[in-house]
Amino acid sequence: MALLFVTILFGINLGVVRGCGTTTHIEIGHRATEYFEDQTGGVDYKKLILDNQDAFQGGNPYPDAFYPNICEGGKFHQVSEDTHWVPFLNATINYIRRVYPKPWDKETEKLVVFMLGFASHQVADVSWHSLGIDQGFLRTMGDVNFHGSFDDAHSVGDIGGDIVATFEFDLSYIDSLSDWYIPTKDLVGIYKDLYGRERVNSSLIEECTALLFLERLGEKLAISKLFPDYAAKSPFMEEQFQSYFLGGLDDMATWTTNVWHEAIYMLDKGTSVCSLPRNPIYINCNGTSTAATMPKSDPDVSKLSGLHINVDLHGLTPDLVDKQQTGRGVYFSPSEKLKKKIQMLHKKRTAALKATQSRSKSDSAHSSSYLKSTFTTRNSYAHLGWSLVTADVNVDKIDDLIIGAPGYGITGNPQNGRVFIVFGREESLPEQLDIDTSANLTLSVTDKKNGHFGTAVAVLDFNQDGLPDLAVSAPSTGSASLNYTGAVYVYLAKSAGVFPPTPSFTITCKLKYCNLGWSLATADLNHDGYRDLIIGSPFVATRQGQQQSGALWVVYSKKAKPVRRVLSIETEGTILLEGDQQYGWLGYDLVTKAKMQGQGSWLLVSQPAVRICAESTCAFSSNDIQSVGRLLVYDTLDLTQPLVNITGRENFGKLGSSFGIGDPYDNGEDILGVGADTTNVKGKIIDVPITFTQAGNVNFLSLKSAGDGIKKKLGSFKFAPRTESEMLALLEGDRSLARFGASLLMEDVTNDGVDDVVIGAPLRIDDITEELYGGEQGAVYVFKGSKSFPRGNVTRQCNLLHKEVEPCPGNKAIAVLSISESGGRFGHRMVSWKNGKMTSLVVAAPRSSKGGRLAGSVLVYSGFN
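Residue numbers (mature numbering (1 follows the signal peptide of the UniProt record, and there is no 0)): -19 to -1, 1 to 846.
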């Protein structure tokens, strides 16, 4: 991990142990604290954590302290092994209860907070490494990006997590803390209770924990420079690091709070009242726990050692870390020598970052003339704008804006989620709006924790009474039982734009990892004149047992109101499609669009993780071409087989990362746009050939040949944008890792009635030379639709003023939008909003920190003509 790069920075010959990294564990604990609430026994534990950050951050990575071989030649490797499991937590709680009864003094408070820090580490490692569970983060990463190899994923993922965190997040809360506190003497006593004899001493704990402290100092300054290399190795890691349902950062933070409640309960009541298996994710205390039930055949989860790669350490100099002893512990702080070197490198990095941001501000100033309004929230981690929908829900002939914020938290209930509805109006909106106070309607389901309510939203007349109803998904519902079954909540309108405070009924799933409602769409599938609800579950197993193959269901709208308030998708829904490949993720995204000619609609379904199998059985093989992606296009008049089946052929290309249908040529013809946001692009910088890794592209082809029905279907083909005759136009990204084509909108945003093409590149960095210093400002390109909309390889036809970098999408766009903020994922989602006489473009940046940390923002643009 970062110790290796401390060597490079400071000339110290260090080695490294690779585990779920120091920065990652501190970040998990930091997120978990935000909405945590527990005042058992009269102690405000959140305040305790905030008041003792030195002990908390010291405890977060602590279980890994004895893994490196430099720690007494690796003789105490097993101590780290044992520190990861419940018996060590049990010993700590019993020790505190026996030795330090309340009221606690200051160092005992620090010991308690240190315990909460390492408890977070314990449970996070379980879902990260898939210990005693299946389909955790690294296990899935191995299946999606490493030919089914957990070991290969692990070697990249553990250090990669810290790289992504250091590059993408504002970690100033770590930088601002100069000291760690380690309760060394108490730890000696705890280990003595655990082993029944003295196993470690204070000096050993000091020496080995100092390595983690150095690691924390080195990561901020060195690790982010490796981001391009590691992001290219695994698109899954970069894209799913925060959001993956089982072992992403948000999920690990939620499980941290679950275990904290159990630990605090035991600290107050004693450990005898709880079931304490070795695996912390299965702790279950009487009357307080909704924890998962341990499988009857629980695998051996006690072996973490095989997950850590040891590299010998040599030449560690004690003067790099200053130590201040207390009665029961030690404070670590960087030595003056180390501080000066850190400050020098930090100053250099800050100067480069300011230069990058200055250029970004200059570019965003060009787009600011189009910016009319910005919605923000102070609710940290809300991910405002994760989903966006426009529809006339209050039936006033003006579209309304519906915004999902699936990470929205309240005290004691993190990542609960909310949906905000802003009614459209003729007059313009204010420039700055707090969504919490400016939304006309707010929906939430507060009795379900970590549901991610608002991940997807759909509007339809479900009970066929002439009023638009709302369907809102919460795909992580059931996480506390480790089932992640998901739910879709339906709100039946009481009158135009008036909805009940609680859902009219709920659609549930019984299948493990169903994640029901990850995606939603509507279309009239039974041809009764009313739209039906289409529900995507990309992570569900097929009926044949293929993991994460994905499925689509439909629940038909009907006049009769459901008798029951809870409906099972297995009995009330009809399965439409099932994925044909393990870890293919059928239904990750859905789009429906009415045909321009003829009856019915198009139904577009993505399979972004599909691979081209080398084996006839499609068993994992190192010869597979991974994550090529697939897009299926169906006619809703006949769903027996797709009219178009487009499969990518580039490793990690992810064809189908975005898609849409429109008429940008203004000739009455349905044109299909397909994004492949991680495909490589061969370009030039000042006429020097270069490959922009995972820059992304968007291809366009006509659906005219498919429009006449089944007899003229295009059939399946591998998509090669430079050679296929079906291609009308190709647009390409101009920066590595930009994810050009991660989002696509083919609707009118210029207010002339002709469909335009809007393409998002949410990870784009403007500066071609300093990609390491300012991460992911994002960009959105607006290409005007008209009868003269270009054909062929559009973004290669650069004029002389834009020849420095080729391709040149900015040269061909009528507007390039950006914001002067790193890490916001600007362009993640886009919709057209017909707000009165004006048509606006709405762009989401769900990780913007304009309000709270990673809270998200939604920006409204217009006036492109």
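By construction, the Cβ of each residue, glycine as well, lies at the ideal position given by its N, Cα and C atoms.
Between the CA atoms of Lys28 and Ile488 - distance to the nearest angstrom: 39 Å
Segment limits, alpha helix (DSSP H) that includes Leu152: Taken as a continuous stretch (DSSP letters only), Leu152 belongs to no alpha helix (DSSP H), as it is neither H nor E.
Residues near Val376 in its chain [Cβ-Cβ closer than 8 Å; skip 5 each side]: Leu448, Pro449, Ala477 and Gly478
Contact belief for Gly510 with Ser454 at Cβ below 8 Å, rounded distance in angstroms: About 25 Å separates the two Cβ atoms, so there is no contact after all.
Cβ contact check for the region 635 to 653 and the region 583 to 590: 3 or more pairs under 8 Å: yes
Backbone CA spacing between Tyr172 and Arg180 [nearest angstrom]: 7 Å
CA-to-CA distance, Glu787 to Lys665, given in whole angstroms: 5 Å
Candidates Lys429, Val240, Ser361 and Ile550: closest to Val67 by CA position: Val240
Where the alpha helix (DSSP H) containing Ile262 begins and where it ends: Where Ile262 is concerned, there is no enclosing alpha helix (DSSP H), given that its DSSP letter is neither H nor E.
Integer Cβ distance of Ile262 from Gly467, believed to fall under 8 Å: Going by Cβ atoms, the distance from Ile262 to Gly467 rounds to 19 Å, so no, they are not a contact pair.
8 Å Cβ cutoff met for Ser717 and Thr674: yes
Residue environment, Met122, which counts as buried when at least 16 other CB atoms sit within 10 Å: buried
Which of helix, strand or coil DSSP assigns to Asn126: helix
Whole-number beta carbon distance between Gly393 and Gly435, since they are thought to touch under 8 Å: Wrong, their Cβ atoms sit about 19 Å apart, outside the cutoff.
Cβ neighbour criterion (16 or more within 10 Å) applied to Ala134: buried
Cβ shell of Lys765 (< 7 Å), same chain only, five flanking positions each side left out: Thr731, Asp737 and Ile795
Meets three-Cβ-pair contact criterion under 8 Å: the region 235 to 249 and the region 127 to 141: no
The region 249 to 261 touching the region 90 to 110, judged by at least three CB pairs closer than 8 Å: yes
CA-to-CA distance, Pro827 to Gly805, given in whole angstroms: 6 Å
Separation of Pro543 from Arg524, as counted between CA atoms: 27 Å
Sheet register partners of Thr573 (DSSP bridge): Leu584
Environment of Glu408 [buried if 16+ CB atoms lie within 10 Å]: exposed
CB contact flag (Lys635, Pro670, <8 Å): no
Pairwise C-alpha distance: Ile627 and Phe698: Bear in mind that the predicted position of Phe698 carries a pLDDT of just 42, short of 50, making it unreliable; the figure below should be weighed with that in mind. If I take the Cα positions, the gap works out to 6 Å.
Residue interval of the alpha helix (DSSP H) (run including Trp241): Leu230 to Lys250
Cβ pair count under 8 Å reaching 3, the region 526 to 538 against the region 553 to 567: yes
Val440 Cβ short of 7 Å to the ligand ZN heavy atom set: As presented, the structure is devoid of all ligands, the ligand ZN included, so that no description of it is given.
N-terminal and C-terminal residue of the alpha helix (DSSP H) that Asp210 is part of: Phe208 to Lys214
Burial state of Ser829 (16 or more Cβ within 10 Å): buried
Cβ-Cβ distance between Trp554 and Val572 below 8 Å: The sequence as given places Gly at residue 554; Trp does not occur at that position. No; because the gap between Cβ atoms is not below 8 Å, this pair is not in contact.
DSSP three-state assignment for Asp743, whether helix, strand or coil: Sequence check: residue 743 is Pro here, not Asp. In this structure, Pro743 counts as coil in the three-state DSSP scheme.
Contacting residues, own chain, Cβ-Cβ under 8 Å from Lys768 (five flanking each side not counted): Tyr646, Asp647 and Asn648
Boundaries of the alpha helix (DSSP H) in which Asn71 is found, first to last residue: Val67 to Val80
Opposing strand residues paired with Asp415 [DSSP bridges]: Thr357
Separation of Asn126 from Gln223, as counted between CA atoms: 17 Å
According to DSSP, residues forming a beta bridge with Cys255: Cys266
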